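Right, one structure below, let's go through it.
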Amino acid sequence: MDHRPEYLKKADALKPALRVQRVRPVSGLPAEAMAEGDSLLLDFGNHHVGHVTLKLNYTGSHPDAPVWLRLKFCESKRELNESVEGYKGWISRGWIQEEQVHVDVLPRALSLERRYAFRYLRVEVLAVSMKFRLTVEDAWVDSTTSADDSALAPFSGTPEEEAIDRVATRTLRGCMQDFFEDGPKRDRRLWLGDLRLQALTSYATFHGDALVRRCLYLFAAAANDDGQLTACLFTEPKLEGDDNWMADYALFFISTLKDYVEHTGDRETGRDLLPVALRQLELSESYFDPETQLVRDGNAKSLTREKQSDGPETRANMVDQSAFFIDWNLTLNKQAAGQAVWIYCARDALRLMELLDEAAGRQALEEKIEARSAAAVARLYDPARGLFLSGAERQVSWASQVWFALADVLPQEAARRALEAVAKEPEATIMVSPYMMHHYVDALYHVGCPDQARRVMLDYWGGMVKLGADTFFELYNPANPDESPYGSPIVNSYCHAWSCTPAYFLRGTQRKL
Ligand code: RAM
Numbered sequence: 100m101d102h103r104p105e106y107l108k109k110a111d112a113l114k115p116a117l118r119v120q121r122v123r124p125v126s127g128l129p130a131e132a133m134a135e136g137d138s139l140l141l142d143f144g145n146h147h148v149g150h151v152t153l154k155l156n157y158t159g160s161h162p163d164a165p166v167w168l169r170l171k172f173c174e175s176k177r178e179l180n181e182s183v184e185g186y187k188g189w190i191s192r193g194w195i196q197e198e199q200v201h202v203d204v205l206p207r208a209l210s211l212e213r214r215y216a217f218r219y220l221r222v223e224v225l226a227v228s229m230k231f232r233l234t235v236e237d238a239w240v241d242s243t244t245s246a247d248d249s250a251l252a253p254f255s256g257t258p259e260e261e262a263i264d265r266v267a268t269r270t271l272r273g274c275m276q277d278f279f280e281d282g283p284k285r286d287r288r289l290w291l292g293d294l295r296l297q298a299l300t301s302y303a304t305f306h307g308d309a310l311v312r313r314c315l316y317l318f319a320a321a322a323n324d325d326g327q328l329t330a331c332l333f334t335e336p337k338l339e340g341d342d343n344w345m346a347d348y349a350l351f352f353i354s355t356l357k358d359y360v361e362h363t364g365d366r367e368t369g370r371d372l373l374p375v376a377l378r379q380l381e382l383s384e385s386y387f388d389p390e391t392q393l394v395r396d397g398n399a400k401s402l403t404r405e406k407q408s409d410g411p412e413t414r415a416n417m418v419d420q421s422a423f424f425i426d427w428n429l430t431l432n433k434q435a436a437g438q439a440v441w442i443y444c445a446r447d448a449l450r451l452m453e454l455l456d457e458a459a460g461r462q463a464l465e466e467k468i469e470a471r472s473a474a475a476v477a478r479l480y481d482p483a484r485g486l487f488l489s490g491a492e493r494q495v496s497w498a499s500q501v502w503f504a505l506a507d508v509l510p511q512e513a514a515r516r517a518l519e520a521v522a523k524e525p526e527a528t529i530m531v532s533p534y535m536m537h538h539y540v541d542a543l544y545h546v547g548c549p550d551q552a553r554r555v556m557l558d559y560w561g562g563m564v565k566l567g568a569d570t571f572f573e574l575y576n577p578a579n580p581d582e583s584p585y586g587s588p589i590v591n592s593y594c595h596a597w598s599c600t601p602a603y604f605l606r607g608t609q610r611k612l
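Whatever position you read off the sequence shown (first residue = 1), add 99 for this note's numbering.
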């Protein structure tokens, strides 16, 4: 029987009402009347997600020609200096928050149809006639979120910690709309990998349990005919899974459901969705070589850019259906980390079955975990170097060590040594996203290094705070803050779901309770 329509009904019933707050700029108004070529910068004081209205009027003679405006919405100040013209990256320039509008009649309250994610708005006058000047009398954003601010307990720590917590919770708040968006600027989609981290952070902050439940049902409803979960989905104009499959993201449905049941005690939802979760494990069998019990090598090809004959690198290859995502580092070999992610999620499946008193299949799964852990130690681990190596080229990466630490494959002491050893390998393939950094911090806690975990978190996320972040970015490489896997930072998202987790760590909720 196809349960998807039923799942969709449940998801729809959980659609939240958005909370709206009208916010006006903290600087920029009142402003001088503007002639052609003039511009005005409005600063709304913090990051907002919402709809904007500008109250426009004029001075001088009755307008004898339309006003032509360019409006540029920016999440971070640095975006103000980036230009759309030079953009040649492979993600659509449609995401760039820039508009040109003509206003025929003044006065007018110009309400823009799109929702924007921004703090700064630059209003540039491309044209007014010489007979009048444009005035901006008022401006506001109807800022929306489904997060319940009253559920957020005050947090006290050092000033550094408090600043990080403030930015982290603001990030999650901005992403909490009809569902957990990955980024309210881009891609405005529900991604499974992001959802897992948003859910964990939400339990420690806004307590958006119903929103987590809704998102689990959305994924279940958007599965393909084979039961496979997509990496991300669209809800408009109607629910549809993206044709983008990631092995790790599908498996994280298990962990997200396990965390949800563990946190809420909602066994009914757990039982309802358990078959969807276990189906991901069944489907994941195709990633393994039955001989070696290892994830097949070759996943490094996933998400790499394909060079097109007619020009620069322009598009991502997301075609390999067995691809693990792991991180945005395009040179990362994913075999070892993929193996560890599978073990991690399979362990979560066991825990979920335990929570739901589901005995069937538990022993067989335990045996599989044993076999695949043993295969990893025998074939991927180099005891002399104390490191896991990945793929035919025996690549040393941070991601491999981090995920094997989280997967509990080695005794704690050896897992800790692997994390220490990789730090001494200058050639090791690095982590590039806050998503991967989250797992590094989590791994440090997990192997019993809370001080170092805290330090890494404060340095990394604190680095973004020092750059002036109101919300945490999708990508941040301290050594090169301009880095983007998309060809230019102009399409980067500066309020991004998977970056919100310092609030989860700071507020003391650990993955394994
Ligand atoms: C990017 C988005 C999203 C993430 C995927 C894998 O496209 O930022 O949040 O989950 O990568």
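Each residue gets a CB set at the ideal place from its N, CA and C atoms; glycine is no exception. Every value quoted in this text rests on a predicted model; they were computed, and no experiment measured them.
{"Item": "Close beta carbons around Gly490, own chain, < 7 Å, minus the five adjacent residues each side", "Value": "Asp396, Ala399, Asn432, Gln434"}
{"Item": "Residues that DSSP places opposite Cys599 in a beta bridge", "Value": "Per DSSP, none; premise fails for Cys599."}
{"Item": "Three-state secondary structure assigned by DSSP to Leu317", "Value": "helix"}
{"Item": "Residues bridged to Asn156 [DSSP beta-bridge criterion]", "Value": "Thr234"}
{"Item": "Inter-stretch contact at 8 Å, needing at least 3 Cβ pairs: the stretch 238 to 251 / the stretch 301 to 321", "Value": "yes"}
{"Item": "Closer than 8 Å: Ala596 CB and nearest the ligand RAM heavy atom", "Value": "yes"}
{"Item": "Counted within 10 angstroms of its Cβ, other Cβ atoms place Glu181 as buried (16 or more) or exposed", "Value": "buried"}
{"Item": "Bridge partners - Cys173, DSSP secondary structure assignment", "Value": "Tyr219"}
{"Item": "Nonlocal neighbours in the same chain, by C-beta distance under 6 Å from Gln97, ignoring five residues either side", "Value": "Here the chain covers residues 100 to 612 and nothing more, so residue 97 does not appear."}
{"Item": "DSSP-derived helix/strand/coil call for Asp120", "Value": "The displayed chain sequence assigns Gln, not Asp, to residue 120. Reduced to three states, the DSSP call for Gln120 is strand."}
{"Item": "Any non-hydrogen atom of the ligand RAM closer than 8 Å to Glu592 Cβ", "Value": "Here residue 592 is Ser; the residue named in the question, Glu, does not match the sequence. Yes."}
{"Item": "Alpha carbon of Glu198 to alpha carbon of Arg169, nearest angstrom", "Value": "6 Å"}
{"Item": "Reduced DSSP secondary structure (H/G/I, E/B, other) of Gly144", "Value": "strand"}
{"Item": "Closer than 8 Å: Ala330 CB and nearest the ligand RAM heavy atom", "Value": "yes"}
{"Item": "Reduced DSSP category for Arg103 - H, G, I as helix; E, B as strand; rest coil", "Value": "helix"}
{"Item": "Three-pair Cβ contact test at 8 Å for the stretch 279 to 288 versus the stretch 581 to 595", "Value": "yes"}
{"Item": "Lys109, buried or exposed, once every other Cβ within 10 Å from all chains shown has been counted against 16", "Value": "buried"}
{"Item": "Residue interval of the alpha helix (DSSP H) (run including Arg554)", "Value": "549 to 565"}
{"Item": "Touch test, the stretch 115 to 130 against the stretch 193 to 209, Cβ-Cβ under 8 Å, three pairs minimum", "Value": "no"}
{"Item": "Which listed residue (Glu390, Arg177, Ser160, Arg221) has its alpha carbon closest to that of Asp142", "Value": "Arg221"}
{"Item": "Beta-carbon separation (whole angstroms), Ala436 vs Ser499, contact threshold 8 Å", "Value": "5 Å"}
{"Item": "Three-state class that DSSP yields for Tyr575 in the structure shown", "Value": "coil"}
{"Item": "Pro162 burial status per 10 Å Cβ neighbour count (16 or more: buried)", "Value": "buried"}
{"Item": "Cα-Cα separation between Val394 and Asp388, rounded to whole angstroms", "Value": "6 Å"}
{"Item": "Residue burial classification, Val183 (beta-carbon count within 10 angstroms, cutoff 16)", "Value": "exposed"}
{"Item": "Beta-carbon spacing of Phe487, Ala527 below 9 Å", "Value": "no"}
{"Item": "Three CB pairs or more closer than 8 Å across the stretch 444 to 458 and the stretch 348 to 365", "Value": "yes"}
{"Item": "Simplified DSSP assignment, three categories, for Arg370", "Value": "helix"}
{"Item": "Spatial distance of Asp558 from Ala522 (CA atoms)", "Value": "16 Å"}
{"Item": "Rounded separation between Ala216 and Gln511 - CA only", "Value": "42 Å"}
{"Item": "Check whether Gln379 and Leu328 have beta carbons under 9 Å apart", "Value": "yes"}
{"Item": "CA nearest to the CA of Gly136, picked from Gly586, Leu233, Arg177, Pro206", "Value": "Leu233"}
{"Item": "Length of the line joining the Cα atoms of Asn428 and Leu209", "Value": "42 Å"}
{"Item": "Residue interval of the beta strand (DSSP E) (run including Trp274)", "Value": "The amino acid at residue 274 is misidentified as Trp; the sequence shows Cys. First-last for Cys274: 258 to 274, but that is the alpha helix (DSSP H), not the beta strand (DSSP E)."}
{"Item": "Thr243 vs His150 beta-carbon contact at 9 Å", "Value": "yes"}
{"Item": "Same chain only: Cβ atoms within 6 Å of Ala322, ignoring 5 sequence neighbours per side", "Value": "Leu328"}
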